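Before any comments, here is the structure.
Number of protein chains: 2
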Amino acid sequence: MISEASFIDLALRSWKANVDRAGTFFSALSQEELQREVAPGKNRLIYLWGHLAAINDRMVAILGFGERLHPELDAMFVLNSDKTVHLTVSAKELKHIWDEINEAVWMGFCKLSPSEWLEKHTAVSNDDFIREPHRNRFAVLLGRTAHLAYHFGQAVLAKQES
Amino acid sequence: MISEASFIDLALRSWKANVDRAGTFFSALSQEELQREVAPGKNRLIYLWGHLAAINDRMVAILGFGERLHPELDAMFVLNSDKTVHLTVSAKELKHIWDEINEAVWMGFCKLSPSEWLEKHTAVSNDDFIREPHRNRFAVLLGRTAHLAYHFGQAVLAKQES
Chain A
81 MISEASFIDL ALRSWKANVD RAGTFFSALS QEELQREVAP GKNRLIYLWG HLAAINDRMV
141 AILGFGERLH PELDAMFVLN SDKTVHLTVS AKELKHIWDE INEAVWMGFC KLSPSEWLEK
201 HTAVSNDDFI REPHRNRFAV LLGRTAHLAY HFGQAVLAKQ ES
Chain B
81 MISEASFIDL ALRSWKANVD RAGTFFSALS QEELQREVAP GKNRLIYLWG HLAAINDRMV
141 AILGFGERLH PELDAMFVLN SDKTVHLTVS AKELKHIWDE INEAVWMGFC KLSPSEWLEK
201 HTAVSNDDFI REPHRNRFAV LLGRTAHLAY HFGQAVLAKQ ES
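Same order as they appear, the protein sequences are chains A and B. Here the working numbering is used: the first residue of the first sequence is 81, the next is one more, and so on. Here the working numbering is used: the first residue of the second sequence is 81, the next is one more, and so on.
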């Protein structure tokens, strides 16, 4: 009963738990609450939510699932700092985009075989991958799960008492 | 070339990257800097460092590697909120404890076979494990990696400009 699939399943559970936790948190916030900074002078909640959505959307391309769905997010939430660019997306739209992106990523995950999980992702060159075979799809999954947790830890500071 | 070991190796790399990142960050802080709160009224940096050390120390017992090394950390950094208990550990001591704990955890990790990674951890009963076989050592590794990232994301708010 031991197989690669068990380890992949556990990593997917961890991913999903972190996506769901963030989605539940951000979706429950009002438009006003989303304007709060996580600490004085730091990113606003809406920026963190958009940032996580954009980085998850990039996975669609990085993992070779197809073209990403919302490249327009990058200018607002990745390439520029918070409060330097006008946001053209509402909280309601972001909720829809969040669900759409994470469903696309999840569908891609579910189609991968164990050997495909260990293949290189598209942001690594063939030469680099020969030297660094750990730069594969599974590493992207683990790295992005930690990325979600990193920013979620920041987000809860704006909402909770401790 | 595909094996369970590849997936375990990738998860261990992710763990180590997160431990090293946190260790480098906290170790570089002065005693005064460690007194900073991550946001107004929130945990101080020294509390987060001690908390991460304590939770990692608990893994020694939870993963069945032996008795944990520093149970005295719990009263200061887990069971009670920050600023409610006098801290009897200095920054220098915490640095030593941090390294000691993470070395013990790492040595335990390196001795586990793939099948042992999928065995239940000691905080789950036999009955629960039959119903929920995903509550195994590998799940603890992934969960604690996310826990490190969650609090590290908070810690950097007290230090950096963005």
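Every residue, glycine too, gets a C-beta built ideally from N, C-alpha and C. The structure presented is a predicted model; accordingly, all values stated were derived computationally and were not measured.
Of the choices the options, whose alpha-carbon is the least far from that of residue i?
i: R260 (chain A); options: A:K122, A:D179, A:V185 and A:A229; result: As shown, chain A starts at 81 and ends at 242. That puts residue 260 (chain A) outside it, with no answer to give.
i: W178 (chain B); options: B:N123, B:F87 and B:L128; result: B:L128
i: R48 (chain A); options: A:D208, A:I210 and A:A203; result: For chain A, the structure presents residues 81 to 242; residue 48 (chain A) sits outside this window and is missing.
i: G188 (chain B); options: B:V169, B:I135, B:F145 and B:Q234; result: B:F145
i: R148 (chain A); options: A:N160, A:A133, A:T104 and A:L167; result: A:A133
i: T164 (chain A); options: A:E183, A:A155 and A:S170; result: A:A155
i: A171 (chain A); options: A:E84, A:S107, A:K96 and A:V99; result: A:S107
i: V169 (chain A); options: A:L153, A:N160 and A:V158; result: A:L153
i: K96 (chain A); options: B:K239, B:L228, B:A235 and B:L222; result: B:L222
i: L174 (chain A); options: A:S83, A:P120, A:R211 and A:G103; result: A:G103
i: A98 (chain A); options: B:A229, B:Q234 and B:A235; result: First, the amino acid is wrong: residue 98 (chain A) is Asn here, not Ala. That would be B:A229, whose Cα lies nearest to the Cα of N98 (chain A).
i: K239 (chain B); options: B:F87, B:A85 and B:F105; result: B:F105
i: F136 (chain B); options: B:Q234, B:E183 and B:N160; result: The question names Phe, but residue 136 (chain B) is Asn in the sequence shown. Of the listed residues, the one whose Cα sits closest to N136 (chain B) is B:E183.
Quick test of your reading: residue i and residue j, contact by CB under 8 Å. State the CB separation rounded to the nearest angstrom.
i: D162 (chain B); j: N123 (chain B); result: 5 Å
i: L237 (chain A); j: V118 (chain B); result: 7 Å
i: A219 (chain A); j: T225 (chain B); result: Their Cβ separation, rounded to whole angstroms, is 13 Å, which puts A219 (chain A) and T225 (chain B) out of contact at 8 Å.
i: H150 (chain B); j: I126 (chain B); result: H150 (chain B) to I126 (chain B), Cβ: 15 Å. No contact.
i: F209 (chain A); j: R101 (chain A); result: Wrong, their Cβ atoms sit about 32 Å apart, outside the cutoff.
i: P213 (chain B); j: P120 (chain A); result: In fact, because the Cβ distance is near 46 Å, the residues do not count as touching under 8 Å.
i: G130 (chain A); j: F87 (chain A); result: That pair is no contact at about 32 Å.
For residue i, does the count of other Cβ atoms within 10 angstroms reach 16, so buried, or fall short, so exposed?
i: S94 (chain B); result: buried
i: H176 (chain B); result: exposed
i: M81 (chain A); result: Note that M81 (chain A) has pLDDT 46, beneath the 50 cutoff, so the model's placement of it is unreliable and the number below is only indicative. Looking at its Cβ environment, which holds fewer than 16 other Cβ atoms inside 10 Å, M81 (chain A) is exposed.
i: E241 (chain A); result: With a pLDDT of 49 at E241 (chain A), under the threshold of 50, the modelled position of this residue cannot be trusted; read the value that follows with caution. By the neighbour-count rule (16 or more Cβ atoms within 10 Å), E241 (chain A) is not buried but exposed.
i: S83 (chain A); result: exposed
i: A235 (chain A); result: buried
So with CB distances below 9 Å, who are the chain A contacts of residue i?
i: I135 (chain B); result: By Cβ distance, chain A contributes nothing, its closest Cβ being about 13 Å from I135 (chain B), past 9 Å.
How would you list, in chain order, the residues of chain B whose beta-carbon sits under 8 Å from the beta-carbon of residue i?
i: P120 (chain A); result: A119 and P120
i: H214 (chain A); result: D89, L90 and R93
i: N182 (chain A); result: Correct list: empty, because the minimum Cβ distance to chain B is about 17 Å.
i: Y230 (chain A); result: A229, Y230, F232 and G233
Can you pull the chain B residues whose beta carbon is under 7 Å from the beta carbon of residue i, in chain order?
i: Q234 (chain A); result: G233, Q234 and L237
i: N98 (chain A); result: A226
Could you list which residues in chain B have their beta carbon closer than 9 Å to that of residue i, in chain order?
i: F218 (chain A); result: S86, F87, L90 and A91
Strictly below 7 Å CB to CB, what residues from chain A border residue i?
i: L192 (chain B); result: Here the premise fails: no neighbours, minimum Cβ distance about 12 Å.
i: T225 (chain B); result: A226
i: L222 (chain B); result: L90, A91 and S94
Practice item. Kindly confirm or deny that the region 109–117 of chain B and the region 130–150 of chain A touch, where touching means at least three C-beta pairs closer than 8 Å. Key: Touching, no.
Point to revise | the region 194–212 of chain A touching the region 191–205 of chain B, judged by at least three CB pairs closer than 8 Å | key: no
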